[in-house]
Amino acid sequence: MKRILFALLAAASVTFAADHPDTTGWKDLFAPDLSNTVAPGKWELKDGILVAKDHDTLWTKDSYGDFILDLEFKVEKESNSGVFLRSGNIKDVLSALEIQVHDSADGSKYGMVAAIYDAMPPSQSAAKPVGEWNHYTITCKGPLVTVLFNGVEVINANLDNWPEVGKNPDGTPNKFKKALKDFARSGPIGLQGLHGKAQAPVYYRNLKIKVLE
């Protein structure tokens, strides 16, 4: 009986640990007043929800190299946004990797939601319906980039596999002026503002980052 009870307690402990991961080292990506960002006046953070009021990208003032970025987003019909990683030049969005934030998994495979824009499509669709909150966990460690989309790993990329300018590993062209293996390994993180023909808003919340040693 004691052995059975111990086994049940151990199992409960494992379940609790899985549901409540280690929270040490995490911090909010953005200050409540957006004072740690570039172009804060173009965005509004209210009741914990961040939304663009213009097309300008919201950039962190700090640069990040190896990190885990955790966030939620919600789209409307025809929404189009993205999460920029390790920008080499905030005036040139093509100097950063972009994880697509979109209202649909349809369309170009390199532009669908959770893709690395113009470089790598997600392995599968894990999107929730328009109007529901989606969850990204994005990890950058050296050349390695992974994306968990609503708990499903959809991107597992090694940037060293992109050694040529303007070409993806499968031979398809991309728009980048530099080989992805040569992209900056540290830089600001950004959220793309109102974008696309409809200029439909995208909502973000619970943006947290953990720097990796």
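Residues -17 to -1, 1 to 196 (mature numbering (1 follows the signal peptide of the UniProt record, and there is no 0)) make up the sequence shown, in order. Cβ atoms here follow ideal geometry from the backbone N, Cα and C, with glycine treated the same way. As the structure is a computational prediction, the values presented were derived from the model and not from experiment.
In angstroms with no decimal places, state the Cα-to-Cα distance between residue i and residue j.
i              : j                 : result
isoleucine 192 : threonine 7       : 11 Å
valine 137     : tyrosine 100      : 13 Å
valine 21      : histidine 178     : 18 Å
asparagine 72  : valine 84         : 21 Å
proline 156    : glycine 149       : 5 Å
residue 245    : glycine 154       : In the structure as shown, the chain begins at -17 and stops at 196. Residue 245 is therefore absent and cannot be evaluated.
glutamine 107  : glutamate 27      : 32 Å
serine 70      : proline 105       : 21 Å
serine 91      : phenylalanine 166 : 23 Å
leucine 195    : tryptophan 9      : 10 Å
leucine 54     : alanine 79        : 18 Å
threonine 120  : phenylalanine 132 : 7 Å
residue 197    : phenylalanine 159 : As displayed, the chain neither begins before -17 nor continues past 196, which places residue 197 out of reach and without an answer.
lysine 161     : leucine 77        : 9 Å
alanine 181    : alanine 140       : 31 Å
arginine 168   : aspartate 39      : 23 Å
Enumerate in chain order the residues of its own chain whose CB-to-CB distance from residue i is below 8 Å, with the five nearest sequence positions on each side excluded.
i              : result
glutamate 59   : Asp86, Val113, Gly114, Ala183, Pro184, Val185
threonine 43   : Leu12, Phe13, Asn19, Thr20, Val21, Pro171, Ile172, Gly173
asparagine 189 : Gly31, Asp53, Leu54, Glu55
glycine 134    : Ala109, His118
Could you check if residue i is buried or exposed, using at least 16 other CB atoms within 10 Å of its CB as the buried criterion?
i             : result
isoleucine 32 : exposed
valine 130    : buried
valine 96     : buried
serine 62     : buried
glutamate 81  : buried
alanine 102   : buried
serine 46     : exposed
Report all residues from its chain with a CB closer than 7 Å to the CB of residue i; omit the five preceding and five following residues, and keep chain order.
i             : result
aspartate 37  : Lys25, Gly176, Leu177
leucine 142   : Pro126, Val128, Leu163, Lys164, Phe166
tryptophan 15 : Checking the displayed sequence, the identity of residue 15 turns out to be proline instead of tryptophan. The residues are Leu28.
proline 146   : Ala162, Lys164
I'd like the list of long-range same chain contacts for residue i, defined as Cβ closer than 6 Å, with 5 residues on each side in sequence excluded.
i              : result
methionine -17 : Per-residue confidence for methionine -17 stands at a pLDDT of 45, beneath the threshold of 50, marking its modelled position as unreliable; no derived number is given.
leucine -13    : Only weak support exists for where leucine -13 lies, its pLDDT of 38 falling under 50; the value from the coordinates is given anyway. Counting only Cβ-Cβ distances below 6 Å, and skipping sequence neighbours, we find nothing.
lysine 57      : Trp116, Tyr186
alanine 35     : Trp26, Gly176, Leu177
Inter-stretch contact at 8 Å, needing at least 3 Cβ pairs: the region 44 to 59 / the region 114 to 128:
Yes, they touch.
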